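**Q** Numbering of the sequence shown is given in the UniProt record's numbering, commencing with residue 1 and proceeding in unit increments.
Using N, Cα and C, we set each Cβ at its ideal position, and we do this for glycine too.
Here the structure is a predicted model, which is why all the values come from computation and not from measurement.
Mind looking over this structure? Questions follow.
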Amino acid sequence: MNLSTDWVIFLQGQGHDAVHWSSVGPQDAPDEDIVDWARAEDRTILTNDLDFGTLLVSTGASKPSVVQLRTDITLSTHVGPLVAQAIARMEDELVAGALVTVETGRLRLRSLADD
């Protein structure tokens with residue numbers, strides 16, 4: 001699996017309705033299946049797999065939004081506050097459709113709704 005299930009606990013603690021893919025679908029599901037599910041359920045994908053952002057940009061899709069971690073350590077105990085800050089700061093963009101990249105000391109935003 002991409003990120004630890006600890007992220008669910010962290011995000012739920014922040015007031016988000018979070019689920020881990022392992023409770024929804026098979027571990028070996030192709031990225032396209034995860035994207036299709038997230039779009040149908042109006043979810044945002046949190047990942048450190050850059051393929052999700054590439055998939056959305058290359059297909060011109062505006063949903064689902066993706067928050068991608070570009071940090072050496074991806075544990076919620078380490079970068080959780082950065083992710084929480086990014087979600088809060090870019091909430092409107094995530095609702096509309098966005099690719100948000102969280103790096104140590106930097107956030108990047110690419111609107112998918114305007115593409």
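State yes or no: is the C-beta of Gln68 within less than 8 Å of the C-beta of Thr44?
**A** Residue 68 sits at position 68 when you count from the first residue of the sequence shown. Residue 44 sits at position 44 when you count from the first residue of the sequence shown. It is not a contact, given that the beta carbons lie outside the stated cut-off.
**Q** Which one of Ala86, Glu91 and Gly80 has the shortest CA to CA distance from Ile9?
**A** One-based indexing of the sequence shown puts residue 9 at position 9. Nearest of Ala86, Glu91 and Gly80 to Ile9, Cα basis: Gly80.
**Q** How should Met1 be labelled, buried or exposed, when 16 other C-beta atoms within 10 angstroms of its C-beta is the threshold for buried?
**A** Taking the first residue of the sequence shown as position 1, residue 1 is located at position 1. Bear in mind that the predicted position of Met1 carries a pLDDT of just 48, short of 50, making it unreliable; the figure below should be weighed with that in mind. Exposed: under 16 other Cβ atoms inside 10 Å.
**Q** If you run the structure through DSSP and keep just helix, strand and coil, what is Leu112?
**A** Here residue 112 is taken as the residue at index 112 of the sequence shown, counted from 1. In the three-state scheme derived from DSSP, where H, G and I count as helix and E and B as strand, Leu112 is classed as coil.
**Q** Note the first and the last residue of the continuous beta strand (DSSP E) segment covering Leu99.
**A** Residue 99 sits at position 99 when you count from the first residue of the sequence shown. Element bounds for Leu99: Ala98 to Glu103.
**Q** Among the residues of its own chain, which have a CB less than 6 Å from the CB of Arg70, if the five just before and after it don't count?
**A** Start at 1 with the first residue of the sequence shown, and residue 70 comes out as number 70. Excluding residues within five positions, the ones whose Cβ falls inside 6 Å are Thr101 and Glu103.
**Q** Under a three-way DSSP split, which group does Ala66 fall into?
**A** Mapped onto the sequence shown, residue 66 falls at position 66. Note that residue 66 is Val in the sequence shown, not Ala. Strand at Val66.
**Q** Select from Ser76, Val66 and Ala84 the residue whose C-alpha is nearest the C-alpha of Val50.
**A** Your numbering for residue 50 matches position 50 in the sequence shown. Rather than Val, the amino acid found at residue 50 in this sequence is Leu. With distances taken between Cα atoms, Leu50 lies closest to Val66.
**Q** Kindly list the residues whose CB is nearer than 6 Å to the CB of Thr47, restricted to its own chain and excluding five residues on each side of it in sequence; keep chain order.
**A** Counting from one through the sequence shown, the residue named residue 47 turns up at place 47. Here the set comprises Asn2 and Gln68.
**Q** Taking 8 Å as the threshold (C-beta atoms), are Ser4 and Leu75 in contact?
**A** One-based indexing of the sequence shown puts residue 75 at position 75. One-based indexing of the sequence shown puts residue 4 at position 4. It is a contact, given that the beta carbons lie within the stated cut-off.
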